[in-house]
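Undergrad: So that we are looking at the same thing, I have put the structure below in structure tokens.
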Amino acid sequence: MLWDTSFEAISRGDIDIDPYITNPGLDRRRGLTLIFRPPEEIKTTVIDFLKSIQVLEPDQYYYGQSNLHFTVLSLFTAIPDYQEQYNQLDRYRKVVVEVIDGVSPFSLHLRGLTVSRGALMVCGYPDSDTLNNLRNALRQKLIQNNLAQGLDKRYTLTAAHSTVMRFSHPLRNPFELSQIIQTNRYREFGRFDVKCLQLVKNDWYMSQQHTPIMAEYYLRQA
Numbered sequence: 344m345l346w347d348t349s350f351e352a353i354s355r356g357d358i359d360i361d362p363y364i365t366n367p368g369l370d371r372r373r374g375l376t377l378i379f380r381p382p383e384e385i386k387t388t389v390i391d392f393l394k395s396i397q398v399l400e401p402d403q404y405y406y407g408q409s410n411l412h413f414t415v416l417s418l419f420t421a422i423p424d425y426q427e428q429y430n431q432l433d434r435y436r437k438v439v440v441e442v443i444d445g446v447s448p449f450s451l452h453l454r455g456l457t458v459s460r461g462a463l464m465v466c467g468y469p470d471s472d473t474l475n476n477l478r479n480a481l482r483q484k485l486i487q488n489n490l491a492q493g494l495d496k497r498y499t500l501t502a503a504h505s506t507v508m509r510f511s512h513p514l515r516n517p518f519e520l521s522q523i524i525q526t527n528r529y530r531e532f533g534r535f536d537v538k539c540l541q542l543v544k545n546d547w548y549m550s551q552q553h554t555p556i557m558a559e560y561y562l563r564q565a
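Just so we're aligned, residue 344 is where the sequence shown starts under this note's numbering, counting upward by one.
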């Protein structure tokens, strides 16, 4: 589990610092991702909580209203040499349309935090198998259409967590940060219904200026 391998490291200040956050001009990675976004009231709840961490760690990179999101699937993971995949955008769109047809809305419960050595995440728990079934169907359809080369080989996405902070500098107060995270490990952030998905071109951070929406898909109750 991410928590087991990362929490103690963070409490010691043993973190993975993202080299691109402070040098965005050097980051040429782009991808294509199917995402959904929380409603404004959920965003506000998350961002209000992050303010308590910013007081301790003002140097880190915090997600805001414009780039908070949850990933359904990266159709291809952000890479520097992305143009070949972008040239096949219509084929990717066709796959998404075929798979999404008939998918119903689902609910997501946001409860608690988890960490990696590079980031802090809010944990999301779907109320049904709809999300993972959708992910599996997308993977299979991409494979069938010879579009699976860019799928992330490091891990298979099964959770519905949202990255809300990335480490961009050494920690000023690692132990105090770990205490806040521990205290809020099971914090309630709310629930919401997922009714709309977005297909976006994106950089690694879903920055607003680098994340144009290619298409929106509204899920309809079967």
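Beta carbons are placed, not taken as given, at the ideal position from N, Cα and C, and that holds for glycine.
Enumerate in chain order the residues of its own chain whose CB-to-CB distance from Phe-379 is below 8 Å, with the five nearest sequence positions on each side excluded.
TA: Hits under 8 Å: His-412, Phe-413, Val-415, Val-537, Cys-539, Leu-540, Gln-541.
Undergrad: Buried or exposed: which applies to Gly-467, given that a residue is buried once 16 or more other Cβ atoms fall within 10 Å of its Cβ?
TA: With 16 or more other Cβ atoms within 10 Å, it is buried.
Undergrad: Using only CA atoms, which one of Asp-391, Arg-515, Val-440 lies nearest to Ala-480?
TA: Per the Cα distances, Val-440.
Undergrad: For the candidate residues Lys-484, Arg-534, His-512, whose alpha-carbon lies nearest to that of Gly-455?
TA: Nearest of Lys-484, Arg-534, His-512 to Gly-455, Cα basis: Arg-534.
Undergrad: For Gly-467, name the three-state secondary structure that DSSP assigns.
TA: Looking at Gly-467 - three-state DSSP - the assignment turns out to be strand.
Undergrad: Counting along the chain, where does the beta strand (DSSP E) carrying Ser-511 start and finish?
TA: Unbroken run through Ser-511: none, as it is neither H nor E.
Undergrad: Beta-carbon separation of Ala-462 and Phe-392 under 8 Å?
TA: Not a contact, by the Cβ cut-off of 8 Å.
Undergrad: Take Val-446 and list the residues in its own chain whose beta-carbon comes closer than 7 Å to its own, dropping the five residues that flank it on each side.
TA: Only Thr-473, Leu-477, Leu-562 meet the Cβ criterion.
Undergrad: Among Leu-345, Asp-361, Leu-432, Ala-502, which residue has its Cα nearest to the Cα of Tyr-404?
TA: Ranking Leu-345, Asp-361, Leu-432, Ala-502 by Cα distance to Tyr-404 puts Asp-361 first.
Undergrad: Just grab the DSSP bridge partners of Gly-374 for me.
TA: Beta-bridge pairing links Gly-374 to Asn-545.
Undergrad: Enumerated in chain order, which unbroken segments of the beta strand (DSSP E) with a length of 3 residues or greater are wholly contained in the segment 386–466?
TA: DSSP runs (the beta strand (DSSP E)) wholly in the segment 386–466: 413–422, 449–458.
Undergrad: Here's a check: name, in chain order, each residue in its chain whose Cβ is nearer than 7 Å to the Cβ of Arg-355, leaving out the five neighbours to either side.
TA: Closer than 7 Å at Cβ, skipping near neighbours: Pro-517.
Undergrad: Can you grab the Cα-Cα spacing for the pair Gln-525 / Glu-427, in whole Å?
TA: Approximately 44 Å between the Cα atoms of the pair.
Undergrad: The beta strand (DSSP E) with Thr-558 in it runs from where to where?
TA: With the sequence shown as reference, residue 558 is identified as Ala, and Thr is not the correct amino acid for it. Note, Ala-558: beta strand (DSSP E), 556–561.
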